[in-house]
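Using UniProt numbering, the first residue of the sequence shown is number 1, and each one after it goes up by one.
Written out below as structure tokens is the structure these notes cover.
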Amino acid sequence: MGRKQVLSIPAVRNLAGLAAFLIILLNLFGNYLFGSLKYTAQRSLLKANLEPLNETLGFERIAVVSSGTSWRLHGLVEATEFTNLYIDVPSQPVWTDTEVDEFRGYRVHGRHGELGPGQARCWLGHLNIWRQMLLQKWSTALIMEDDADWDIAIKQQLLRVAPLIQEVTGATDWSSPYGNSWDLLWLGHCGDYIPLQLASFVDETLPGSPMYRENDGRFTEFPHQQRMVHMSVGPICTYAYALTASAASKLYQLSSSGMDKLITTHLREWCQEGFLKCVTVNPELFHHHKQAGEISSEIGVVEGWENRSAVDFTPNIRYSARCSSKKKRPAACQLEFDPV
1 MGRKQVLSIP AVRNLAGLAA FLIILLNLFG NYLFGSLKYT AQRSLLKANL
51 EPLNETLGFE RIAVVSSGTS WRLHGLVEAT EFTNLYIDVP SQPVWTDTEV
101 DEFRGYRVHG RHGELGPGQA RCWLGHLNIW RQMLLQKWST ALIMEDDADW
151 DIAIKQQLLR VAPLIQEVTG ATDWSSPYGN SWDLLWLGHC GDYIPLQLAS
201 FVDETLPGSP MYRENDGRFT EFPHQQRMVH MSVGPICTYA YALTASAASK
251 LYQLSSSGMD KLITTHLREW CQEGFLKCVT VNPELFHHHK QAGEISSEIG
301 VVEGWENRSA VDFTPNIRYS ARCSSKKKRP AACQLEFDPV
């Protein structure tokens, strides 16, 4: 067996000196080093928390579903400029009637074909955005229809909503403003049931009246100026919603070959079935705008529905971005109740 090597006294002294030197360095600079790391982490967290105040509301992109109808898109652009938002408006393909009929299963054996051509074109418009999202590799996107409207305080609203989304979804990563545990955020809709389990805060930017206009024109009394965040129960309408990249991929693969029901019906069912993890903000942050003298729905234009609005109108929004941008001051588009 080999002999064990014994350190000499000078070598031991050198090691002891090195250890003492390292301890001194740690005492002198340790607080700075670890404090700096902690400060960097805090800065990153603060930056994420403030991202709803940026020009894309904390998402990588805001993308608009639009066929280019003048009043809808023109008003949307004015509203985004007034509220300092940046949007992408991907061009839509020109789908032929044959392509639309194939998508909706019209006269296709084994398909129900319940969708009208306008409803199918709506579907294809959303599919086009999901495809763009995947091609451009956006991590998240807020997708809105081109007649959407919102309050001029939308950034401040989402700044307060974001931590509640993290809370109700059980987020484990706070490096992005809305957390990491959701697929779809239903931010713009025309109604959802209010469950017992929710998070909420007093939101003075809501209309002063507690009366909420339902999709069918009925009024329901809501808790006064309470903004609620909860897991989706049964939301309808797709005025504005956010998707993660993984959710967009699932949805595109599932629906690109054709669908038989309205897009809002399928999205709601996929949320209810657990295929998507969905969160609703209630009352909604986005609603569709009706312009005086115009058919309010792009679907209605194709389907031939004559439902022209008598006045400029956006329900459930206090100070409309569209109406405010026209008047260059905070202005309401919903005038059913006083005060707004």
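Note that beta-carbon positions come from the ideal geometry of N, C-alpha and C, so glycine has one too.
Quick caveat, the model's predicted, so the values are computed rather than measured.
In the three-state reduction of the DSSP assignment, His288 falls in the strand class, which pools E and B.
DSSP places Leu142 within a strand segment (E or B) once states are collapsed to three. Contact annotation: Cys190 and Ile143 have beta-carbon atoms that are not nearer than 7 Å. Along the region 224-298, the beta strand (DSSP E) occurs as fully enclosed runs of 3 or more residues at 226-231, 240-244, 278-282, 286-288, listed in sequence order.
Under the 10 Å beta carbon count, Tyr239 is surrounded by 16 or more other beta carbons and is classified as buried. Here the region 131-141 does not lie against the region 113-123, with fewer than 3 beta-carbon pairs under 8 Å apart. By the neighbour-count criterion, in which 16 or more other beta carbons inside 10 Å mark a residue as buried, His126 falls on the buried side. Rounded to whole angstroms, the Cβ separation of Thr169 and Val279 is 6 Å, and the two are in contact under 8 Å.
DSSP places Glu99 within a helical segment (H, G or I) once states are collapsed to three. Burial state of Thr220 is exposed, judged by a 10 Å Cβ sphere holding fewer than 16 other Cβ atoms. When the beta-carbon positions are compared, Met228 and Leu198 come within less than 7 Å of each other. Look at Gly118 here: in three-state DSSP terms it is helix. With a beta-carbon spacing of about 10 Å, Asp183 and Ala245 fall beyond the 8 Å limit used to define contacts. Around the C-beta of Ser324, 16 or more other C-beta atoms lie within 10 Å, and the residue is accordingly described as buried.
Ala242 places its beta carbon 7 Å or farther from that of Gly188. Annotation note: the region 55-102 contains the following uninterrupted beta strand (DSSP E) runs of length 3 or greater, listed N- to C-terminal: 61-65. According to DSSP, residue pairing for Glu221 in a beta bridge involves Met211. When Trp270, Glu114, Cys333, Gly179 are compared, the shortest CA-CA separation from Pro207 is found for Cys333. With respect to the 7 Å criterion, Leu251 and Leu159 are not classified as neighbours on the basis of their beta carbons. Distance from the CA of Glu55 to the CA of Asp88, rounded to the nearest whole angstrom, comes to 12 Å.
Annotation: Thr314 to Pro93 spans about 29 Å, alpha carbon to alpha carbon.
In this structure, Met259 places its C-beta atom within 7 Å of the C-beta atom of Trp123. In the three-state DSSP reduction, Ser324 falls in the helix class (H, G or I).
It is roughly 12 Å from the alpha-carbon of Pro90 to the alpha-carbon of Glu145.
Residues Asp147, Asp149, Thr314, Arg322 of the same chain have their beta carbon placed closer than 6 Å to that of His289, with the five preceding and five following residues left out of the count.
Taking Asp203 as reference, the option from Asp192, Phe222, Ser255, Asp216 with the minimal CA-CA separation is Phe222. In the structure shown, Val202 adopts extended strand secondary structure according to DSSP, grouped into three states. The three-state reading of DSSP puts Ala162 in helix, counting H, G and I together.
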